[in-house]
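**Student:**
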Amino acid sequence: MAAPPSGAESGRLGRYLVGAFFLAPALFMLGVWMVYPAVYTIVRSFFGPTGFFGHWVGFHNYKTLFTTSTLTTAIKNNAIWVAVVPAMVTAVGLVFAVLTERIRWAVAFKTAIFLPMAISAFATGVTWRIMYQQDPGLGAVNALGKTISGVFSPAGVLSSAFPSTPTLQTTSSGALVLKTPVMPGGVTKLGLTGIAPDAVPKGAVQAVLPASKPGDVVGVVWRDFKPGGGKAGVVEKGELGLPGVTVELRSAAGKVVQSTKSAANGTFDFTKVSSGTYHAAIGAQTFAKPFGGFAWLGPNLIVPSLLIAYIWIWAGFAMVVIGAGLAAMPRDVLEAARTDGGTEWQVFRRVTVPLLAPVLSVVFVTMIINVLKVFDIVYALAPESEYAKANVIALAMYFTAFQGAGNFGIGSAIAVFLFLLVVPVLALNIRRFKREV
Amino acid sequence: MASAVAVELPAPRDAVAARIVRAIARGPLNIVLAVLGVLWLVPTIGLFITSILPASADASKGWWQIFTKPSLATWGNYHALFHQSGLVQALKTTVYIAVGNTFLVVILGALAGYAFAWLDFPGRDWLFIGVIGLLVVPLQMALIPMFKLYDTFGLFDTWEGIALFHVAFGLPFAIFLLRNFFAGLPKDIMESARIDGANEIVIFLRLILPLGLPAIASLAIFQFLWTWNDLLVALTFGQNTTPITVWIAGQLREFGTSIDIIAPASFISLIVPLCVFLAFQRYFVQGLLAGSVK
Amino acid sequence: MTRTRIVLTLALASALTLAGLAGARTSSHAKAGVNTAVSGTITFDGIWTSSSGQPQFQDVINLFNKTYPNVHVNYKPVGNNLPTVLATAVAGGHPPDMADIAQPGTVAQFAAQGKLKPITYAKSAMAANFAPAWQQLGTYSGKLYALPFKAANKSVVWYSVPTFKTAGVTPPKTFSQLLTDAKTIHASGTPAYSIGGADGWTLTDMFENIYLRTFGAAKYDALSQHKIKWTDPSVTTALKTMAKIIGDTSNIYGGTSGALQYGFNQSVTNAFSSPPKAAMVFEADFVGGVITSSTKAKPNTGFNTFTWPSITPGPDASAVEIAGDLFVTFRDNPAIEAFVKFLATAPAAEAWAKQGGFGTGNKNVPASIYPDAITRATEAPISQAKSVVFDMSDEQPPAFGATTGQGEWGLFQNFLKSPSDVSGIQKQLEAAAAAAYKK
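Protein chains in written order, with our numbering: chain A, -6 to 430; chain B, 5 to 298; chain C, -14 to 424.
#1: Are Gly274 (chain C) and Gly80 (chain B) closer than 8 Å when you measure CB to CB?
#2: Excluding five sequence neighbours on each side, which residues of the same chain lie with their C-beta closer than 6 Å to the C-beta of Val63 (chain C)?
#3: Between which two residues does the beta strand (DSSP E) containing Met83 (chain C) stretch?
#4: Mind listing the chain C neighbours of Ser244 (chain A)? Cutoff is C-beta to C-beta under 9 Å, in chain order.
#5: Counting only Cβ-Cβ distances shorter than 9 Å, please list the residues of the segment 203 to 226 of chain A near chain C, keeping chain order.
#6: Rounded to the nearest angstrom, what separates Ser13 (chain C) and Pro356 (chain C) at their Cα positions?
#7: DSSP state of Leu348 (chain A), grouped into three classes?
#8: Going by C-alpha distance, which of A:Phe145, A:Val201, A:Phe39 is nearest Gly234 (chain A)?
#9: Spell out whether any CB of chain B is found under 8 Å from the CB atom of Pro417 (chain A).
#10: Check Gly64 (chain C) in the structure and name its three-state DSSP category.
#11: At the 8 Å Cβ level, is Ala192 (chain A) part of the contact set with chain C, yes or no?
#12: With a CB to CB cut of under 8 Å and the five nearest residues on each side skipped, what residues in its chain are close to Phe332 (chain C)?
#13: Report yes if the CB atom of Met360 (chain A) is closer than 8 Å to the CB atom of Val78 (chain A), and no otherwise.
#14: Would DSSP call Trp33 (chain C) helix, strand or coil?
#15: Using a cut-off of 9 Å between C-beta atoms, extract the partners of Phe271 (chain C) located in chain B.
#16: Between the alpha carbons of Gly8 (chain C) and Val19 (chain C), how many angstroms are there, rounded?
#17: For the segment 106 to 118 of chain B against the segment 31 to 38 of chain C, do three or more pairs of beta-carbon atoms, one drawn from each stretch, fall closer than 8 Å, so that the two count as touching?
#18: If we count Cβ pairs, one from each stretch, closer than 8 Å, do we get three or more for the segment 125 to 137 of chain C versus the segment 338 to 355 of chain C?
#19: By the 10 Å Cβ neighbour count, where 16 or more other Cβ atoms means buried, how is Thr145 (chain A) classified, buried or exposed?
#20: Give the range of the beta strand (DSSP E) segment to which Leu169 (chain A) is assigned.
#21: Pairs of beta-carbons, one from the segment 179 to 186 of chain A and one from the segment 144 to 161 of chain A, closer than 8 Å: are there three or more?
#22: On a Cα-Cα basis, can you pick out the residue from A:Gly259, A:Leu92, A:Val416 that is closest to Gln199 (chain A)?
#23: Would you mind telling me which residues of chain B sit closer than 8 Å to Leu183 (chain A), beta carbon to beta carbon, in chain order?
#24: Taking His87 (chain B) as the reference, which of B:Leu57, B:Ile265, B:Asn34 has the closest Cα?
#25: Roughly how far, in whole angstroms, is the beta-carbon of Tyr118 (chain B) from the beta-carbon of Ile212 (chain B), given that I think they are within contact range, below 8 Å?
#26: Lys61 (chain C) versus chain B: which residues are under 7 Å apart at the beta carbon?
#27: For Ala118 (chain C) and Ser295 (chain C), what's the separation of their Cα atoms in angstroms?
#28: Enumerate, from N- to C-terminal direction, the unbroken alpha helix (DSSP H) stretches of 4 or more residues contained entirely within the segment 378 to 403 of chain C.
#29: Whole alpha helix (DSSP H) runs in the segment 9 to 59 of chain A with 4 or more residues, listed along the chain?
#30: Give the secondary structure of Ile307 (chain C) by DSSP, where H, G and I count as helix, E and B as strand, and everything else as coil.
#31: For Gly318 (chain A) and Val356 (chain A), I'd like the C-alpha separation in whole angstroms.
#32: Classify Lys262 (chain C) as buried or exposed, calling it buried when 16 or more other Cβ atoms lie within 10 Å of its own Cβ.
#33: Beta-carbon within less than 6 Å of Pro156 (chain C)'s beta-carbon, same chain only, minus the 5 sequence neighbours each way: which residues are those?
#34: Does the beta carbon of Gln162 (chain A) sit closer than 8 Å to a beta carbon anywhere in chain C?
#35: Taking 8 Å as the CB-CB limit, is Asp128 (chain A) close to chain C?
#36: Name, going along the chain, the residues of the segment 68 to 95 of chain A whose beta-carbon falls closer than 9 Å to a beta-carbon of chain C.
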């Protein structure tokens, strides 16, 4: 608390006037542009859907709000945002602000972290939406995943193929087994479709149905498709064999007896087969699907995806503001602490952070309130089909109030609800203010 | 550069060995920060590469295709933007709005912040909490009441009207930040100034403002930035007044991906706030307070 | 006496002739059509931007200015934020003079609130140029409020020509043939369907085309006006038919999950990228603009169209579903009246139509005005089809038919997630509709 100025004009009136001079312009602007709309919104929430005021409905809007499910997901999501983001952003900003003091290229690093703040929220949302796409060919995040997974579990030769006839069936392990049994001297046909022409393995030529060989099991695995469809299960002209496919000969019990690779025209030959009934099969590894990408924009991951993008943007804000706080710290206090023999970590914890507390609380409280109001990033990043899952209070308010001709009554009620949510936040922080002051 | 000044102050009785250990320890720090920095930049780099790819290439493959096919790169998207009429005018309008409102926010915010930090009057703390509480007022709910007000006072479709709106909405954060910052300044400085007979205004101008420069600089950066990138307020309260965000929105296709417009436009729009950021960096200099108590 | 009569007659004759000549000159000025008496400025908030429609609309305005040089039309390209901006401006008491609204349901709501000025003065111009169904579109409570200036044909399917060639199929005429073709395309190695389910309206469009072609225009209108409930057995049939497409998940590019994440734009670029990732897109004539701006596919060799396949044979088997841009007025003065009347005439529509990317219900616009064969095939049916209905979801109260993530759009997205739950979706649709109509 500042001591009253000594000397002349120390009367109460003098103090009021000085205070007024400093405060009046700001309070005037706040009164007109923020308090008046806030009061209008509160009053408006008791009126009907349309018009500058409309007709009185009392608490009807609030009743609707709490009985329909519009807000439940939104409130839950905002709670997640409040629990995760302010702490992460403040922590990351603090770490960056402190660490950059020790490197020579601090401005370059700070610029890199700050850049996301300088891009408009809409453009950032669009950028991350593209990055999060499921298709690994288009979305950067999944492209990285595909490269990594390709090293560990490479895709099969024919990942999208499926059988052309119902006699070729999929087993639980993903292999395809021909139900029709075959005996030595028999010919077996494994027809596959769903293979795009450019997905056919290189070197393929017209498929050929081989002649039977006594004592061997022969057969052909081919792309059972020609323009117009063709006859399923019949090797026709224009249909290509599939080379390089691992074909297995399985015993009646299902054990793999022999395996071989198909030739350029799709034919394969199991030699010296002892008598008995067998089934031809194609191994599961042929159909191993390539990494399909995580559904970052799907219902399960959409909220974490949004949180990551948001922290990426706002860490720069925290870093710059905390950096300002660091810049203004009195060096003599720090020096004294170091001279007293403290390690860097101790100095940081016992001296730096407490001195930074006012600035840290500004960042933290601002982030809490920003996150309660979050709108732009959800609007731009989440696909419309996931708005319900990713819903936040400000988004619900926007759609209620401005869709079509809008329902401003309920929209205002949502805004009032948002105002009320901040009260506990402020209450929690009041004590901290009192302590500092 | 701030970091050039912030060389670590060695403790007086430091052994050479300890100094060498510290220098080695800085190596991993540089590496870690470098990796983090690059990772942080990836989405932005992606956006930039997208801006130099033609629209048809953007849609079929990811932007990293540029590394295998560098010949695809073209400045065509940027050329197309500059050929649209109104870009330069839009940039000018945005400068008026952004500079105008930032200037006012800094002054009014500093005045109010000082009052809340160092002047004593009844109800001060509750008023301060009320001001912070205003942070929560969402922009969307102020649109309609202000629309009516602006219409009455003829502020509709003026850059001044848009700027004033931003000033008001920027004040709660400004007052919060500056008040907390000023409150942390050493009391003794102001005491001695008062003993010397200075009044509040002199203290404010000669002591508080200079000492508060880091916070004022960061406030200015962000207020400038947020209003530079604002779309909703300008769209609602303008008809012919067109800042850059509205101009960009007026270029987007009704159907079809407009990434070939959004990406280059974002980078053109990015340049000014980035320059502001770099220019204000020099205010983040430590040691302003050293020796000031004397 | 006779000489006096002759002189008088001559004088009269010359007076009359002079008057006639003078009159002819004035009327030839009037015929040349320049009206300098009407003056003023019209503010117009529109959705078309400089990359999609604004230059073409400016050509329409320029043509208008040839007749009315003193009327200045101040067009503001708002883009996709138009509904918000308009709602704010209307509620705040300072709307533009004219605006472009895509949903008749929203027009009805504004008219009910008394915000719109009727355009009764344009009635005769509209009657001369549009079939009665079009005038009905903009009518609320018996008064005419909106002019449907631009229209889109939603009963169009766009397909990738190379994919069809590889599969050896030709554009289907009936729905069962479509399903067979889709199977063949799948077997050829490319998924048949590219669905942009993140934008709910692509799904409602598919449903509406199916319903229209199964049950005809009269029943479609009844459902549209909520005279039939969404729990009606006809809706069950239509939904089950739709499930034959959206339930065929391995035949959709990206599967169900992809269909939910891809928006309309992406569904188009997926189908027409090189190589194409899917074969067909079920959407309106404006797909063409997206293809040309975002892909390298060329007309006829890369892409082409066919009419939405018929389901039930009959007069409505090839009915056309329309969506459009409705022009409304918030004020009334001679300048606005002149502009609206002009917009209802054929030359206004032709000024844009000849550049492509434009469809109209104006029956006096000849099919020959369209610049190429594909455009002609998709746009001409709008004014020339015998049976025309309007986009059902656009006609609903906006809370049901045009709200992101809720109402029809949200519920059909849920249907995409679980196409087997037909009765569940029906109940939810009916509940949402009943709530919206009650208000």
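For each residue, glycine too, the CB sits at the ideal point set by N, CA and C.
**Tutor:** In short, the structure shows the following:
#1: no
#2: Short of 6 Å from the beta carbon of Val63 (chain C), and not among the five residues preceding or following it, lie these beta carbons of its own chain, in chain order: Asp30, Val70.
#3: Unbroken beta strand (DSSP E) run through Met83 (chain C): 83 to 86.
#4: Those do not exist, as Ser244 (chain A) stays about 31 Å from chain C at its closest Cβ, beyond 9 Å.
#5: Hits within the stretch, in order: Arg216, Asp217, Phe218, Lys219, Pro220, Gly221, Gly222, Gly223, Ala225.
#6: Bear in mind that a pLDDT of 41 at Ser13 (chain C), under 50, signals an unreliable position, so the number given afterwards is only what the model happens to contain. Rounded to the nearest angstrom, the two C-alpha atoms are 33 Å apart.
#7: helix
#8: A:Val201
#9: Closer than 8 Å: no.
#10: DSSP places Gly64 (chain C) in helix when its eight states are reduced to three.
#11: yes
#12: Residue 332 (chain C) is actually Pro in this sequence, not Phe. These residues qualify, in order along the chain: Leu48.
#13: yes
#14: coil
#15: Glu258, Phe259, Gly260
#16: Summary for Gly8 (chain C): the model assigns pLDDT 44, below 50, so the residue's position carries little reliability, and this model does not support an answer.
#17: No, they do not touch.
#18: yes
#19: Correcting the residue type first, residue 145 (chain A) is Phe in the shown sequence and not Thr. Phe145 (chain A) is exposed by the Cβ-count criterion.
#20: Run containing Leu169 (chain A): 169 to 171, per the beta strand (DSSP E) assignment.
#21: yes
#22: Of the listed residues, the one whose Cα sits closest to Gln199 (chain A) is A:Gly259.
#23: The premise fails here: Leu183 (chain A) is roughly 34 Å from chain B at the closest Cβ pair, so nothing lies under 8 Å.
#24: Checked all of B:Leu57, B:Ile265, B:Asn34; the closest Cα to His87 (chain B) is B:Ile265.
#25: By a beta-carbon distance limit of 8 Å, Tyr118 (chain B) contacts Ile212 (chain B). Their separation comes to about 5 Å.
#26: Gln243
#27: 22 Å
#28: 383 to 386, 392 to 402
#29: 29 to 37
#30: strand
#31: 11 Å
#32: Counting Cβ neighbours within 10 Å, Lys262 (chain C) comes out buried, since at least 16 surround it.
#33: Phe291
#34: no
#35: Answer yes: the Cβ-Cβ gap between Asp128 (chain A) and chain C drops below 8 Å somewhere.
#36: none
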